[in-house]
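Below is one structure, written out as structure tokens; the observations come after it.
Residue numbers (the numbering used here), protein chains in the order written: chain A, 1 to 263; chain B, 1001 to 1263.
Spelled out as structure tokens, the structure:
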């Protein structure tokens, strides 16, 4: 009688919110011990970028001994097309690719899924891997860690009991204006806070578009550098944003920023 | 000349996801050092429940010395009515209450805002405190920690680049059915994953209502006990849920559970 080998577990491993930039001190500053202890035991990884995952593992090693040398780690990158903004479109090609990447788990090895910063598959690629793991009967365990969207939401004072993250808004001026008006109408009608992000070098363009589109009484919040010592949270009415230039000047084009609107 | 004393900072302090139940070991298992180090320095707190906040501080003390004895801590509870489900309705009474609670920060003391589990003001009370802090010019800093909604989302394999948390759905059968149909229509039309929660003793009732309302091809996921050793994540089509009784039986009425639907 042949017994099928048991499947490995797919751990969703959150990474620090600093994108590998602030490497002072150990990762225990950013992540709970339970997360680091599991990450340190894994030898098989699926990632957006193998180089940054090696950088992450070097930082893990400062506080937790790794189960293998970095050279011996099996670090596989997801296909580039599943990295794109709004990549979640279930299709058979992604599922087949994910199945290939999950081969170690199918052979009984535990695996880690990581993204560049924060929680994989939340405002980041990875959902096709997770979906396929479920289909294959692989246990999926999310490890504890921070999500910058939620830090920004908590710090906004906007409604945290009904909220939506809509990703990126259109870049084209007219389409973006219409989208922002639609999001504001939804927020004012339902009370649902609307969260969005932008490529950092376009932060100021989005801020101006928001102030141009929204009503004066609508509340607009931003969270920059969430989870970092330089964290900045601003929450004010559109009217206040317009009359206090210091608010606008504090939003910079080189920092990861979450934008939120609501009431 | 009288110089106004500088304002304190309002820290949003995440608490462990175990609701104070699993108290083995130190909190470094659940929270990053940076969060615990700040929490240990605070003497002024705003909370849903003073008793559980004292329990939290006792756990902090196992790894990080507190700045004052528990008896000397100033722990203020929010008014009961802002504890309610869907409490976010900006109004002058809540703002006035929040101003009173924030008096220590107005006098220059740093303060901590906490909820029963996870991040304050996310699927939990606290937004009126944060909103008022911004109005008073008090700096708001969210500390790093986990949000069970995001662990459940990452582990669902559903779309994490466009999602909404809608809180609780109606309890009344007909209204609940209509609400679930509307959420499914929205998810299928826009690709936006819809997350909801239920009072734990009604988990099974909500699961049955979901299976009764949704199309067979719609994907339904649950995340139970997120962040705990007993964590369970299931993600399958409605058809699969209906044909595998073991899936349904694994959702229990006594565990905090997040429900997600999408494609």
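Even glycine gets a Cβ: it sits at the ideal position worked out from N, Cα and C.
The continuous beta strand (DSSP E) containing residue 1221(B) extends over residues 1219-1224.
For residue 248(A), the enclosing alpha helix (DSSP H) has its first and last residue at 245-249.
With a beta-carbon spacing of about 5 Å, residue 1015(B) and residue 1056(B) fall inside the 8 Å limit used to define contacts. Going by DSSP, residue 44(A) is part of the beta strand (DSSP E) stretching over 44-47. Per the DSSP secondary-structure output, residue 142(A) pairs in a beta bridge with 12(A). The residue from 114(A), 90(A) and 98(A) with its alpha-carbon nearest to that of residue 49(A) is 114(A). Per DSSP, the continuous alpha helix (DSSP H) segment holding residue 1173(B) begins and ends at 1173-1190. Against residue 185(A), chain B offers no close residue; the least beta-carbon distance is about 15 Å (beta-carbon pairs closer than 9 Å). With fewer than 16 other Cβ atoms inside 10 Å of its own Cβ, residue 1172(B) counts as exposed. Among the residues of chain B, those whose CB is under 7 Å from the CB of residue 32(A) are 1028, 1029, 1030, 1031 and 1032, following chain order. Take residue 28(A), set aside five residues on each side of it, and the residues of its chain with a beta-carbon closer than 8 Å to its own are 36 and 63, in chain order. The beta carbon of residue 31(A) sits closer than 6 Å to the beta carbons of 145 from its chain, once the five residues preceding and following it are set aside; these are given in chain order.
A straight-line Cα-Cα distance of about 7 Å links residue 133(A) and residue 10(A). Residue pairing of residue 65(A) in beta bridges, as defined by DSSP: absent, with no partner found. Residue 257(A) carries a strand assignment under DSSP once its states are collapsed to helix, strand and coil. Taking a 10 Å sphere around the C-beta of residue 1044(B), we find 16 or more other C-beta atoms and assign the residue as buried. Put simply, the CB of residue 54(A) is far from chain B, with every gap to its CB atoms at 8 Å or more. DSSP places residue 55(A) in the helix class (H, G or I) of the three-state scheme. Nearest CB-CB separation between residue 235(A) and chain B: below the 8 Å threshold.
Flagged as an interface residue toward chain B: residue 131(A), by a C-beta distance shorter than 8 Å. In chain order, 213 place their CB closer than 6 Å to the CB of residue 177(A), counting only its own chain and leaving out the 5 sequence neighbours on each side. The segment 117-136 of chain A makes no contact with the segment 1117-1133 of chain B; the number of CB pairs closer than 8 Å stays below 3. Minimum Cα-Cα distance from residue 1108(B) among the listed residues 1006(B), 1243(B) and 1070(B) corresponds to 1006(B). Residue 61(A) and residue 180(A) have their C-alpha atoms spaced approximately 44 Å apart.
Chain order gives no chain B residues near residue 261(A), where near means a beta carbon separation below 8 Å; the closest approach is about 14 Å. Residue state for residue 231(A) is assigned as coil, using DSSP reduced to three classes. At a C-beta separation below 8 Å, residue 1019(B) has no neighbours in chain A, since its nearest C-beta there lies roughly 15 Å away. Closest option to residue 1156(B), judged by alpha-carbon separation, among 155(A), 139(A) and 118(A): 139(A). For residue 199(A), there is no enclosing beta strand (DSSP E), since its DSSP letter is neither H nor E. Beta bridge pairing from DSSP links residue 163(A) with 193(A) and 1165(B). Within the segment 1120-1144 of chain B, those residues whose Cβ lies closer than 9 Å to any Cβ of chain A are, in chain order, 1120, 1121, 1122, 1123, 1124, 1125, 1126, 1127, 1128, 1129, 1130, 1131, 1132, 1133, 1134, 1135, 1139, 1140, 1141, 1142, 1143 and 1144. When C-beta atoms of the segment 1088-1095 of chain B are compared with those of the segment 248-256 of chain A, fewer than three pairs fall below 8 Å, so the two segments do not count as touching.
When CB distances to chain B are screened at a threshold of 8 Å, the residues of the segment 156-175 of chain A falling below it are 156, 157, 158, 159, 160, 161, 162, 163, 164, 165, 166 and 167, in chain order. The beta-carbon of residue 108(A) is placed no less than 8 Å from the nearest beta-carbon of chain B.
Where residue 41(A) is concerned, the enclosing alpha helix (DSSP H) starts and stops at 33-41.
According to DSSP, residue pairing for residue 1091(B) in a beta bridge does not occur.
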